[in-house]
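S.K.:
2 protein chains.
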Amino acid sequence: MRNVAIIGTGHSKFGARTDVNLQELAWEAVKQALEEANIDQKEIQYFSVGNAGMWSSENLPAIVVGEYCGLTTKGTMRVEAACASGSAALREAYLAVKSGEVDVAMAIGVEQMHQSPNPNVVEMIGRAGSYFWEFENFGLTFPGYYALYATAYMAKYGLKEEDLGKIAIKAHHYGSLNPYAHFQKEISMEEYMKSKPVAWPLKIYDSSPITDGAAAIILASEDFARKVTDSPVWIVSQGVSSGFANLSRKSDFTTIEAAREAADMAYKKAGINREDSWKVFDVAEVHDCFTIAEIIAYEDLGFARRGEGVNLARENQTYIGGRIPVNVDGGLKAKGHPIGATGVSMAVSLARQLLYRAPNKGMQVEVKNGMALAHNVGGTGHYGYVTIFSTRRPSQ
Amino acid sequence: MRNVAIIGTGHSKFGARTDVNLQELAWEAVKQALEEANIDQKEIQYFSVGNAGMWSSENLPAIVVGEYCGLTTKGTMRVEAACASGSAALREAYLAVKSGEVDVAMAIGVEQMHQSPNPNVVEMIGRAGSYFWEFENFGLTFPGYYALYATAYMAKYGLKEEDLGKIAIKAHHYGSLNPYAHFQKEISMEEYMKSKPVAWPLKIYDSSPITDGAAAIILASEDFARKVTDSPVWIVSQGVSSGFANLSRKSDFTTIEAAREAADMAYKKAGINREDSWKVFDVAEVHDCFTIAEIIAYEDLGFARRGEGVNLARENQTYIGGRIPVNVDGGLKAKGHPIGATGVSMAVSLARQLLYRAPNKGMQVEVKNGMALAHNVGGTGHYGYVTIFSTRRPSQ
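Listed in order, the protein sequences are those of chains H and R. Using my numbering, read the first sequence as starting at 4 and increasing by one per residue. Using my numbering, read the second sequence as starting at 4 and increasing by one per residue.
1) Near H:Ile275, what residues of its chain come up, given a Cβ to Cβ distance below 7 Å and the 5 sequence neighbours on each side ignored?
2) Using a 10 Å radius around the Cβ and a threshold of 16 neighbouring Cβ atoms, would you call R:Tyr386 buried or exposed?
3) Enumerate in chain order the residues of its own chain whose CB-to-CB distance from H:Gly343 is below 6 Å, with the five nearest sequence positions on each side excluded.
4) So, for R:Ile128: in the same chain, excluding its five sequence neighbours on each side, which residues have a beta-carbon less than 6 Å away from its beta-carbon?
5) Looking only at its own chain, which residues have a Cβ that is under 7 Å from the Cβ of R:Tyr301, when we skip the five neighbours before and after it?
6) Counting only the same chain and skipping the five closest in sequence on each side, list residues whose C-beta sits under 6 Å from that of R:Gly333.
7) Under 8 Å between C-beta atoms, does R:Ile66 make it to chain H?
8) For the beta strand (DSSP E) containing H:Val380, name the first residue and the last one.
9) Between the region 42-67 of chain R and chain H, which residues of the former have CB atoms less than 7 Å from a CB of the latter, in chain order?
10) Note down, in chain order, every chain R residue with its Cβ under 9 Å from the Cβ of H:Lys77.
11) H:His385 touches chain R at which residues, Cβ-Cβ below 7 Å?
12) Since R:Val347 contacts R:Ala219 with CB under 8 Å, what's their CB separation in whole angstroms?
13) Can you tell me where the alpha helix (DSSP H) with H:Thr154 in it begins and where it stops?
14) Can you have a look at H:Thr21 and say buried or exposed, based on whether 16 or more other CB atoms are within 10 angstroms of its CB?
15) Quick check: what's the CA-CA separation for H:Glu27 versus H:Met116?
16) Tell me which residues share the same chain as R:Val329 and place their Cβ nearer than 6 Å to its Cβ, disregarding the 5 neighbours each side in the sequence.
17) Can you give me the Cβ contacts of R:Asn331 inside the same chain, cut-off strictly under 7 Å, excluding the 5 residues immediately before and after it?
18) Between R:Glu264 and R:Ser244, is the Cβ-Cβ spacing less than 8 Å?
19) Which residues in chain R sit within 8 Å of H:Met1, going by Cβ to Cβ distance?
20) Less than 8 Å between the CB atoms is what I'm expecting for H:Thr345 and H:Gln241, so what's the real figure, rounded?
21) Tell me whether H:Trp237 is buried or exposed, calling it buried when 16 or more other Cβ atoms sit within 10 Å of its Cβ.
22) Output the boundary residues of the alpha helix (DSSP H) element that contains H:Arg355.
23) Are R:Trp5 and R:Lys77 close, meaning C-beta to C-beta below 8 Å?
24) Just to confirm the assignment, what range does the alpha helix (DSSP H) spanning R:Glu225 have?
25) Run through chain H and tell me which residues come within less than 8 Å of R:Leu205, C-beta to C-beta.
26) So with CB distances below 9 Å, who are the chain H contacts of R:Lys3?
27) Does R:Gly147 have its Cβ less than 8 Å from a Cβ in chain H?
28) Compute the beta-carbon to beta-carbon distance between H:Phe135 and R:Glu61, rounded to the nearest angstrom, for a pair I have assumed lies under 8 Å.
29) Determine, for R:Gly400, whether the minimum Cβ-Cβ distance to residues of chain H falls below 8 Å.
30) Does the structure place the region 349-361 of chain H close enough to the region 203-211 of chain H that three or more beta carbon pairs sit under 8 Å?
31) To the nearest whole angstrom, what separates the beta carbons of R:Val107 and R:Ile47, a pair I think is in contact under 8 Å?
32) Under 9 Å Cβ-Cβ, which residues of chain H neighbour R:Val113?
33) Hey, R:His340 and R:Pro212: beta-carbon distance below 8 Å or not?
34) If you draw a straight line from the alpha carbon of H:Met349 to that of H:Thr232, how long is it in whole angstroms?
35) Using a threshold of 7 Å, is the CB atom of R:Ile221 nearer than that to any non-hydrogen atom of the ligand COA?
36) In whole angstroms, what is the alpha-carbon distance linking H:Leu222 and R:Met109?
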């Protein structure tokens, strides 16, 4: 099969972006990606748009984005995988190039959550759980689901609130360095511990915000990539899995099976042992929709053994210079989590890290192996997407 | 690149299916496809779900469908291309197999339009046009858009209401033979001419209905297909294109550019001249959301020259035995148009036709070349998807 390379990346400022509409927001990222790749729209043969929908009254986001960004009449579709919709967009563009259907494809992720037609954000987010059964019957909200993960982890492995605080403090530290981040200020443990409870033990500072944003990435076949860049970042492998809709089917609340399975699929294709994964990657982006999710991700990805992910937080092992730097762009928690954009944003951050193009030197990791990993979860474990990137050309 | 074969097809009864929920409806099609392929769920490595969304309060249709159908923990995503969402699902599964990411994938299309959380169907359908500008400001409804096509065609080529009636009568004729169709009764020209106006010249009998339904198709690599079937139907090529969101950007209302461009892409890959296309295909499915759309499709696909599509209707040339049989399953008009299911339903009908497995002998075409075409339009020309099928193995 063909190798697929990233040849351009773009990222809008994340935040409360009511200054623009959906397509203007997308254009900020698309324009940057085209400029970075030094190509124009006519060379894009296909584009996918990650957008969760329901947060906008616009029912054809791929079409309005395509028209505004000058991508019409190229083929397109909108994809949705809940909070992993951005990774689904990346996958769709990846498959289009890898299959040989096209040579150049763009994945666009965009969400404008501040213009929701439904002001009840708790209900909106609740729909990404088990809506008809658990939300409507039991009022189980999205923070409620992750509070179940947190309390289960506390009971089994002795997690403390302060351990979650360490994740939040790290997120805000790197967010303060990232010009694209929604939140750009440091927080202290004292501020964290005093922050308003949402669903015990989760507080405001444990929770990713309601954010507007867009990210874009241009993928190309090896032949095309060779023509336009001498620094491609390759997609080595991708794993994708799904989880059950209902909590009643979950056997364990200290792991997200879909993410673990997606990681194992990606590792297998890339020839990586999960025990060694932390030695392989120079940097990783994981889905910290809530702080507890980052600790669980450490274990689901093999960065730590079961029950020991919390130690990475306690020992600051996921800062730059630690065992493995994670979410050094601020993560969902501080960079923000515009649903459809997040998965593409992860790929943008990682590609830039691998090329020493982090937007701020303070957030640039040391690149040794030239490899990076993105971990993106949809819903409360309904979707798992794991993608591995490398500066070294994969051998097919 | 790898050849991709259809190894199983499934189709639910279309209609007002308030007797089941979304996942139960999907299962009717998934079960049939698994039985036809004679494999079980564990052999499906990936599945895509075409669902337009907004017609259900369920925000994670791919997850609830996957769980109910026993497809969890396989990788998945939901795809949307307005009324071509089913073709987008087929494309996603096609790319997954063609790229070598998986050997067996299922495309599921499902929509349950009778359980919409928004009772205002006119507004709902209006959202598949240019919602914020043309619908909200000018009240342009979906039938209104297609009435513009009809009046433009009338003015330019002398189309009469009776010509549209011929399309409706054909649709209801074949619908009456199709056990899966929403409408199973013949209509007369007199009934057609007397039917209630919707947006002149379009009447109730020119319009596809609000329908619930599901369809499923199993795709496999050549190696896997050889193991499980001696009668694969191959996907020869696919063309996808997009159109502008706003009418103001359209130059011509007697053609749908995105569909025409998608057809030219598919023809080029398959080595077919558009002038000869009507000689190549034994049967075609086209997107007759309104009768006028079928006449325009004849021309966009090259079955007739510009302005002469109406003659195929007048001369009954698209009945079985005519120049080229079109929509001999009843089409969107009589079979029904459950948005996310339609594109998959087209592929199911065509694969069965090519294998002499039409559900009713009266709707079975004579198979000469073993080739068929599906034409699926999203929105009012926003998406164009054209797929070519053959019983002969494509040479790569």
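Ideal Cβ placement from N, Cα and C applies to all residues, glycine included. Note that the structure is predicted; figures quoted are calculated from it, not measured.
M.R.: Judging by the given coordinates:
1) If we look at H:Ile275 and ignore the five residues flanking it on each side, its Cβ neighbours are Val283.
2) Under this definition R:Tyr386 is a buried residue.
3) Exclusion of the five residues before and after H:Gly343 leaves Gly53, Asn54, Ala55, Ser88, Gly89, Gly112, Val113 and Glu114 as the residues of its chain whose Cβ lies within less than 6 Å of its Cβ.
4) If we look at R:Ile128 and ignore the five residues flanking it on each side, its Cβ neighbours are Phe145.
5) Scanning its chain for C-beta atoms nearer than 7 Å, with the 5 sequence neighbours on each side dropped, one finds around R:Tyr301 the residues Ala307, Gly312 and Leu315, in chain order.
6) Only Ala174, Tyr177, Gly178, Asn181 and Ala184 meet the Cβ criterion.
7) Yes, because at least one Cβ of chain H sits closer than 8 Å to the Cβ of R:Ile66.
8) H:Val380 -> beta strand (DSSP E) spans Met374 to Gly381.
9) Answer in chain order: Gly56, Met57, Ser60, Glu61, Asn62, Leu63, Ile66 and Val67.
10) Neighbours of H:Lys77 on chain R, chain order: Val243, Ser244 and Ser245.
11) Chain R residues near H:His385: Leu63 and Ile66.
12) Under the criterion of beta carbons closer than 8 Å, R:Val347 and R:Ala219 qualify as touching, at roughly 7 Å.
13) Membership of H:Thr154 in the alpha helix (DSSP H) is indicated by the continuous run Phe145 to Tyr160.
14) Classification for H:Thr21: exposed.
15) It is roughly 14 Å from the alpha-carbon of H:Glu27 to the alpha-carbon of H:Met116.
16) Closer than 6 Å at the Cβ level, and outside the excluded window around R:Val329, lie Ala287, Val289 and Thr321.
17) Just to set this straight, residue 331 of chain R is Val in the shown sequence, not Asn. The residues are Tyr177, Val286, Ile323, Met366 and Val368.
18) With contacts defined as CB atoms closer than 8 Å, R:Glu264 and R:Ser244 qualify as a contacting pair.
19) Outside the modelled stretch of chain H, which goes from 4 to 399, sits residue 1 of chain H, for which no answer is possible.
20) Actually they are not in contact, since the Cβ atoms of H:Thr345 and H:Gln241 sit about 16 Å apart, beyond 8 Å.
21) It is buried - the Cβ of H:Trp237 has at least 16 other Cβ atoms within 10 Å.
22) That run of the alpha helix (DSSP H) goes Ile342 to Leu357.
23) For the record, residue 5 of chain R in the displayed sequence is Arg; it is not Trp. Inclusion of R:Arg5 and R:Lys77 in the CB contact set at 8 Å is not warranted, their separation being larger than that value.
24) For R:Glu225, the enclosing alpha helix (DSSP H) stretches over residues Glu225 to Val231.
25) Result: empty, since nearest Cβ-Cβ is about 22 Å, beyond 8 Å.
26) No statement about residue 3 of chain R is possible, as the shown extent of chain R runs from 4 to 399 and does not include it.
27) So, not an interface residue.
28) With a contact defined as Cβ atoms closer than 8 Å, H:Phe135 and R:Glu61 qualify at about 6 Å.
29) Lying outside 4 to 399, the shown extent of chain R, residue 400 of chain R is not represented and no answer is given.
30) No, the region 203-211 of chain H does not touch the region 349-361 of chain H.
31) Right, their Cβ atoms sit about 6 Å apart.
32) Those do not exist, as R:Val113 stays about 14 Å from chain H at its closest Cβ, beyond 9 Å.
33) Yes, Cβ-Cβ distance for R:His340 and R:Pro212 is below 8 Å.
34) H:Met349 and H:Thr232: Cα-Cα distance of roughly 21 Å.
35) With respect to the ligand COA, the structure offers nothing, as it holds no ligand at all.
36) For H:Leu222 and R:Met109, the distance between alpha carbons rounds to 25 Å.
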